[in-house]
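Notes to accompany the following structure.
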Amino acid sequence: MVDTQTQYRKIKTEVDKAVIAVMESSAFINGKPVKDFAANLSAYLGVKHTIPCANGTDALQIAMMALDLQPGDEVITPSFTYVATTEVIALLRLTPVFVEVDPETFCMDPRSFENAITAKTKAVVPVHLYGHAAPMDEIMAIAKKHNLYVIEDNAQAIGSEYTSADGSVKKTGSIGHISATSFYPSKNLGGFGDGGALFTNDDGLAAKMTMIANHGQSRRYYHDVVGCNSRLDTIQAAILDIKLRELDGYIAARRAAADFYDKAFAGEPKLETPHRAAYSQHVFHQYTLKLTQPDNTAATRNALQEYLAAAGIPSMIYYPVPGHRQQMFAQSGVSPVDLPVTDRLTDQVISLPIHTEMDEEQQAFISGKVLEFFAQS
Ligand SMILES: *Cc1c(COP(=O)(O)O)cnc(C)c1O
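Residue numbers -16 to 360, in the working numbering, belong to the letters of the sequence shown in order.
Next comes the structure, spelled out in C-alpha cells:
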C-alpha cells in the first residue's frame, strides 16, 4: 500500500545526519528539533500554535480534554472514519453521536450534522477523510449558530487546501477551533514511528493543551489540571522537519498517481473514481474506489480484493465496520442509530495502493487487473 523505504532512500543522507545529531546531543525529549519543527509546521499550515504530541489519537484526546466538557456532553462525528476519531470521545465519558457522510466526498454531511444537534451537543469533529476536505464553510456556520467547538481531524489530509465560498484559501487543519494530526509512518507526513500534533489560533486553548500534554503542569511539579504524558520524540521531530520540506512534492506525487488511476478507470461503468469537490484540494492519503452498480454488493467488492491479492496487489477496506456498528460503543451505552449511507459505503469501497514512489508500470498493472476483474465478471 505504501513504499516508505524508497522514500527514505531519497532523503537518507539528510535524515541519517539529523538522527545522529540528536543521538550525539542526547536531547531525546523536547530537544531543539521539536521546537523548530513546531515553528515550521505553524508557518506551513498558517496557524498560530502547534503543539507536538505522541500520536494523532492523543492529539484528539487532548483537544477534547481542553474544552472542559462534562460527562454526558455530546460530540458529533461521522461514523465513517477511523476509530481514533470516536474512541477518545467515549474514553472521556462523553457521548459520541454518529452522523452520515456525503456518499461522494466520504466527509461529514452538514445536514446530518445539524439534525443531530441537541441541547447537550458541545463539539463536532469533522474528518478530512482520505485527504479530501470536509465542507468547512457549512460546518463552521452550523457550529457557530449552535455555539459548538469544531475539532478538525486532519490526520489524513495534512497539506490539503480548502477554498471558501468567498474565495479565500486555507490549509485544512487551520479552520476549526483546534485541529489534530498524526505522523504515523504511512500518513502523508509520516515519521519513523508514532507522532502527532495539535493546532490552534487560540492562545488560551494552546496554553491549556500544552499543559495537558505535559501532566497538566504550568511549571515543573505544579499540576493545575489533570493531564497526560504525550510528547513527540526529538528524533521524530528531526526526521519530520526534513520531510515537511518534501511534503508539497509528496502531495504532487500522490495527485499524479490519482490522475493516472482516474484516467485508467474512466471508461468502467461499474466503478466510481474519487470525487474532487471544487472547494477541496484532494491530497490522496487514500485512493478509494466505489463499486456503484446495484449488483455490486460487498461480495463483489470482496471478490475484487481477492482477485487483486492473487495477482500480488494489496488493497484495503477503509473501514470494514463503521463506528455506529462497533461493539465498543454499544458497550459504553451509545444509542443505536440508522445510517444507511454509511452502511452502503462500507460495502462499496476499496482502496488501492497509492504513495509517493509509484511508477506508471506499477499503476498500469494494478489498474489493468482491476479492469480485468470487471471484464470477466
Ligand atoms: C491515523 C488516524 C488517526 C490517529 O492517528 P494515530 O497517530 O495512529 O494515533 C486519527 N484519525 C484518523 C482519521 C486517522 O486516519
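Note that beta-carbon positions come from the ideal geometry of N, C-alpha and C, so glycine has one too.
Check: In whole angstroms, what is the alpha-carbon distance linking residue 23 and residue 29?
Finding: 10 angstroms
Item checked: Cβ neighbours of residue 114 in the same chain (closer than 8 angstroms, five flanking residues each side left out) -> 139, 140, 143, 171, 237, 265, 266, 267, 268 and 269
Notebook entry, point to check: Can the beta-carbon of residue 68 be found closer than 7 angstroms to that of residue 136?
Noted result: yes
Next item on the list: Closer than 6 angstroms by C-beta to residue 155: which residues in its own chain qualify, once you throw out the five before and the five after it? Chain order, please.
Entry: 111, 116, 137, 140, 143 and 145
Margin query: Going by DSSP in three states, residue 145 sits in which element: helix, strand or coil?
Written below: strand
Checklist line | Straight-line Cα distance separating residue 303 from residue 297 | finding: 16 angstroms
Note to self: If you reduce the DSSP assignment to three classes, tell me which class residue 210 lands in.
What the structure shows: coil
Check: If residue 334 and residue 271 are in contact, beta carbons under 8 angstroms, what's the gap, nearest whole angstrom?
Finding: 5 angstroms
Notebook entry, point to check: Measuring from the CB of residue 140, is there a heavy atom of ligand 1 at a distance below 6 angstroms?
Noted result: no
Next item on the list: Let me know if residue 235 comes out buried or exposed under the rule of 16 or more other beta-carbons within 10 Å of its beta-carbon.
Entry: exposed
Notebook entry, point to check: Got a sec: does ligand 1 put a non-hydrogen atom nearer than 6 angstroms to the Cβ of residue 167?
Noted result: yes
Check: Ends of the beta strand (DSSP E) at residue 267?
Finding: Taken as a continuous stretch (DSSP letters only), residue 267 belongs to no beta strand (DSSP E), as it is neither H nor E.
Notebook entry, point to check: If you count every other CB in all the chains shown that lies within 10 Å of the CB of residue 133, and 16 or more means buried, which is it?
Noted result: buried
Next item on the list: Report the rounded CA-to-CA distance for residue 10 versus residue 197, giving the unit in angstroms.
Entry: 17 angstroms
Check: For residue 219, does the count of other Cβ atoms within 10 angstroms reach 16, so buried, or fall short, so exposed?
Finding: buried
Margin query: I'd like to confirm something about residue 136: is its beta-carbon nearer than 6 angstroms to some heavy atom of ligand 1, or not?
Written below: yes
Next item on the list: May I ask which residues mark the beginning and end of the beta strand (DSSP E) holding residue 76?
Entry: Looking at the DSSP string, residue 76 is not in any beta strand (DSSP E), and its letter there is neither H nor E.
Next item on the list: May I have the straight-line CA-CA distance separating residue 336 from residue 323, to the nearest angstrom?
Entry: 27 angstroms
Check: Are the beta-carbon atoms of residue 151 and residue 182 separated by less than 7 angstroms?
Finding: no
Next item on the list: Pick out whichever of 100, -1, -11 and 295 has its Cα sitting closest to the Cα of residue 225.
Entry: -1
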